[in-house]
Each structure stands twice: as C-alpha cells, then as structure tokens.
DNA sequence: TATTGTTATACTCTATAACTATA
DNA sequence: TATAGTTATAGAGTATAACAATA
C-alpha cells in the first residue's frame, strides 16, 4: 500500500505522488466503510461477493472468482461462511456437474441492499465536500484512470 | 482491499461504489509503479521512506515511523536494508542517546530523485488522458477527500 | 517509571501445490 | 487429458509482547 505523511503537510515545492494521494483517499474510504459492514456482519470481500451476485446472478464459483479478482481457493471459505449466514446458496450446475452455481438468497439480497445504502450514504457525505463540477470531473477521471493503458501489454512490466 | 469487476462492465443501473473505483485506480497506479521501483531496486515502503527523508530530513526512527504510518518494529529491518544499500545513514541523536536520527546519503538522494522522476513520468502519461479542467478538479477533489471528517471523532467507529 | 530501538512471536492475508470428481 | 471445486501447505505482510539502554 502506498502511504504518505498523513497529518503533517509536506513542506516541499514538489508535487505529491499521485499514487500516495489515491492510496490515502482509498484508505479513508475503507476506514469509513469497515464499521458500516461490521454492523451488518459482512467482511469487505463478503460485501464484494454479494455485490457481484446482486448484479450478475447465478455465476459459477470460478467465474465469480475471476470476476471479482479473488483467488478461487479463498473464495470457498468465504462462500461457506456466507452460506452459513444464509446469504447465498450453491447448487450444482445442471449443464456441468463439476461446477456449482452461486446465487443470493432473499436474505442475502436484503442484507446487501441495506449495506449498500449505508455505504452510499457515507459516500454522499464525503462527496458533499465537493462542488458539482468537481464531482463530475472526479467521476470521469476515475473512469478514465481505472483501466491501464492497453498499448504496453508486452513490455518490461 | 476493495475490488470489483475489472474487465467486464457491470450491467446495472446502480452506481458503482466509490471505494471500489478508488481502489481500482490505486491498484492501477501501484501496478504501474512497482516495475519502476523494482528497476531502481527499491521496495514500495523503501521509496516511501526515501520520500519522507527527502522532504523532512533528520527524523528520529520513531518520528519517521509515525509520519509514514509504518510500524516502528518493521521500520528497523527496512532501514537496515536501505543502510546496506548505502541509501540512508543512522547516527545517535546527540540530544537523546536512546534515539537515532536517520537521513539520506548522497546516493540515497540521487536514487530517490531518479525513482521519483520515473514515477512522475508514468503519472503524467496517465493524467494525459484527462483534460485540463478534469485534472484540476481531480487534484482539488483528492485534497478534499484525503482527510476524514473531523466531526465524528468519538463515534461508534 | 517511561521511552527508543530492538528482537521474538503470533496472527492475518495471500499464493501455490496436490487431490476428487467430473468432462 | 483437462477442468471445477476442494484441501493442505507455505509464504508475505502485519500486529503484539518483551527486553536493553537511556531518560
């Protein structure tokens, strides 16, 4: 994680690293989000799984794992827990009996909806610091920056 | 770390979580930064330490640890390595013989300058996707969002 | 008695390899 | 033989406790 001076302002003419700035805001968001999810008895990854299932339903475990960028072996324990909580259910894929399809239960959908509303309220409070132009620019900037450049696919990186 | 669907676009009318968007951009920046630092034989935290020392010199280890938000016990091994690389040096604090002051060597300053230029060039390439108004708004938005609200200091969180 | 730097230890998160049952 | 799910294991990163020297 990129970090930087938090409280004290850096006394320099140089600009601050963009990565440090983004990492700091990300940390602010995560720190604000965690107690909200804790109150709903959801982990960060649990919330991400529910969010993915709420939008594109009936994924297979492997597809879900790749979609949210979470290791498939770790997803298993996470799904076990969510299933124990009654938030998701797994059923064998009729087309391929090796695979299992995952979907939200009614309770899972309700839990996700409640958590998402908490999160969005928190985000709205944060975004209230910005004026309209800043908000619009921020959203478009986030969209522009969220994909890595496709040109350098076979470079040194 | 907040994650979300990367390649596929989520088919929903709902807005995407702000935290997920920021986390994604942060990851893009880190992924772009790491090979640059690797080429300079610097870890992410090593770069952060050099950056802190380059701006506010002659910190004590504890002050440095608190300033960059890195555990003081882990800072020791990191400083050992940077010292082995000849990038920093430690000397006892004449005012308090328990403490040790850390500062950049000439080589450390040069190494940091080179790495920082690489990082800034990468950032410039990314920011070139934005127009002037977006860039200005992004910077002011990042500054506004990077501090948590001071009102809720004694809440449930 | 409290604090700085240090070491040792435990805990969490993550990545890799191997096994089963299907295809 | 290859793949989906699972289990077990090892590694990196992080946090906590305890110790020596000094205040």
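Chains as they are written, first to last, in the working numbering: chain X, 1224 to 1380; chain C, 1224 to 1380. We put the beta carbon where it would ideally sit given N, CA and C, even for glycine.
| query | result |
| --- | --- |
| Are residue 1312 (chain C) and residue 1328 (chain C) touching if we call contact CB-CB under 8 Å? | yes |
| Does chain C have any CB closer than 8 Å to the CB of residue 1240 (chain X)? | yes |
| Can you tell me whether residue 1305 (chain C) is buried or exposed, with buried defined as 16 or more other CB within 10 angstroms of its CB? | buried |
| To the nearest angstrom, report how far apart residue 1270 (chain C) and residue 1332 (chain X) are at their CA atoms. | 43 Å |
| Under three-state DSSP, which class holds residue 1287 (chain X)? | helix |
| Buried or exposed for residue 1239 (chain C), going by 16 or more other Cβ atoms inside 10 Å? | buried |
| At 7 Å on the CB atoms, spell out the chain C contacts of residue 1246 (chain X), in chain order. | 1249 |
| Alpha carbon to alpha carbon, what distance is there between residue 1282 (chain X) and residue 1307 (chain X)? | 19 Å |
| Is residue 1263 (chain X) close to the ligand ATP? I mean its beta-carbon at under 7 Å from any heavy atom of the ligand. | Only the bare structure without any ligand can be found here, which leaves the ligand ATP out of the picture. |
| Starting from the Cα of residue 1300 (chain C), find the closest Cα among C:1242, C:1322, C:1244 and C:1284 and give me that residue. | C:1284 |
| If you run the structure through DSSP and keep just helix, strand and coil, what is residue 1254 (chain X)? | helix |
| Taking only three categories from DSSP, how would you classify residue 1237 (chain C)? | coil |
| So, at 8 Å on beta carbons, what are the nonlocal neighbours of residue 1262 (chain C) in its own chain, with the 5 sequence-adjacent residues on each side left out? | 1341 |
| Is there at least one Cβ from chain C nearer than 8 Å to residue 1307 (chain X)'s Cβ? | no |
| Can you give me the C-alpha to C-alpha distance between residue 1165 (chain C) and residue 1309 (chain X), rounded to a whole angstrom? | The shown model of chain C, from 1224 to 1380, leaves out residue 1165 (chain C), and the question about it has no answer. |
| What first and last residue would you give for the alpha helix (DSSP H) that runs through residue 1340 (chain X)? | 1329-1350 |
| Can the beta-carbon of residue 1265 (chain X) be found less than 8 Å from the beta-carbon of residue 1241 (chain C)? | no |
| Suppose the cutoff is 8 Å on Cβ atoms and the five residues either side in sequence are ignored; what does the same chain contact list for residue 1290 (chain C) look like? | 1275, 1279 and 1282 |
| With a threshold of 8 Å between beta-carbons, can residue 1427 (chain C) be considered close to chain X, or not? | Nothing can be reported for residue 1427 (chain C): it is not among the residues displayed for chain C, which extend from 1224 to 1380. |
| Do you know how far the Cα of residue 1318 (chain X) is from the Cα of residue 1370 (chain C)? | 51 Å |
| In whole angstroms, give me the CA-to-CA distance for residue 1348 (chain X) and residue 1351 (chain C). | 30 Å |
| What does residue 1369 (chain X) reach in chain C if we use C-beta pairs closer than 8 Å? | 1244, 1247, 1248 and 1251 |
| Can you pull the chain X residues whose beta carbon is under 7 Å from the beta carbon of residue 1264 (chain C), in chain order? | The contacting residues do not exist; residue 1264 (chain C) stays about 15 Å from chain X at best. |
| Alpha carbon to alpha carbon, how far is residue 1248 (chain C) from residue 1268 (chain C)? | 19 Å |
| Taking only beta-carbon positions, decide if residue 1312 (chain X) is within less than 8 Å of chain C. | no |
| Assuming residue 1312 (chain C) is part of the beta strand (DSSP E), what are its boundary residues? | 1311-1316 |
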